[in-house]
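Below is one structure, written out as structure tokens, with a few remarks after it.
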């Protein structure tokens, strides 16, 4: 990812799609592997613009939409300090995260029933989860909060990491955010 493309993705008021210089062979839009659209999704603070973009992209291409929601163990939990998490704790938290994702996606599924939605709830750092997801995607859609001040950085650490390490085209969709 060059500095100009990175700056455009960080500053544009409209969605920007970047394509990695070296794409893996046999995958992506050529139809030989996965043309699946993937969406980086924070179910606790869902952003409308990237979600709408991803649903539209999946609908137009007639492909499934995989919704990737990465989560972490609650910091106050005793299990967060252990090297291994009790399986029942992890299962309980994963069920809770899955329910949050399902609830956040419900209006989108109802509004766009022709798109097959595949929730992917993973216990992983968001940047790492999205880079891994890009290995099996034709397009990865991520959001970028718009800056409230002109001097404010407009590209967060997750988007920055994804743009540098993704294995497929990445759509960066600006949206208002905190």
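In the UniProt record's numbering, the protein residues as written are 1 to 178. All residues carry an ideal CB built from backbone N, CA and C; glycine is no exception.
Quick check: the Cα distance between residue i and residue j, rounded to an integer number of angstroms?
i	j	result
residue 161	residue 111	32 Å
residue 19	residue 63	19 Å
residue 167	residue 89	33 Å
residue 121	residue 101	8 Å
residue 119	residue 2	32 Å
residue 21	residue 163	11 Å
residue 40	residue 9	16 Å
residue 14	residue 42	20 Å
residue 174	residue 12	8 Å
residue 7	residue 131	20 Å
residue 53	residue 141	8 Å
residue 170	residue 139	6 Å
residue 45	residue 137	23 Å
residue 172	residue 125	19 Å
Using DSSP with H/G/I as helix, E/B as strand and the rest coil, what is residue i?
i	result
residue 111	helix
residue 176	coil
residue 70	strand
residue 120	strand
residue 61	helix
residue 7	helix
residue 171	strand
residue 155	coil
By the 10 Å Cβ neighbour count, where 16 or more other Cβ atoms means buried, how is residue i classified, buried or exposed?
i	result
residue 66	buried
residue 114	exposed
residue 157	exposed
residue 31	With a pLDDT of 46 at residue 31, under the threshold of 50, the modelled position of that residue is not reliable, and the figure given next carries that caveat. So residue 31 ends up on the exposed side.
residue 36	buried
residue 129	buried
residue 38	buried
The alpha helix (DSSP H) spanning residue i covers which residue range?
i	result
residue 19	From DSSP, residue 19 is part of no alpha helix (DSSP H); its letter is neither H nor E.
residue 130	126 to 134
Would you give the residue range spanned by the beta strand (DSSP E) that residue i belongs to?
i	result
residue 40	37 to 40
Does the stretch 84 to 104 come close enough to the stretch 136 to 148 that 3 or more CB-CB pairs lie under 8 Å? These segments do not touch.
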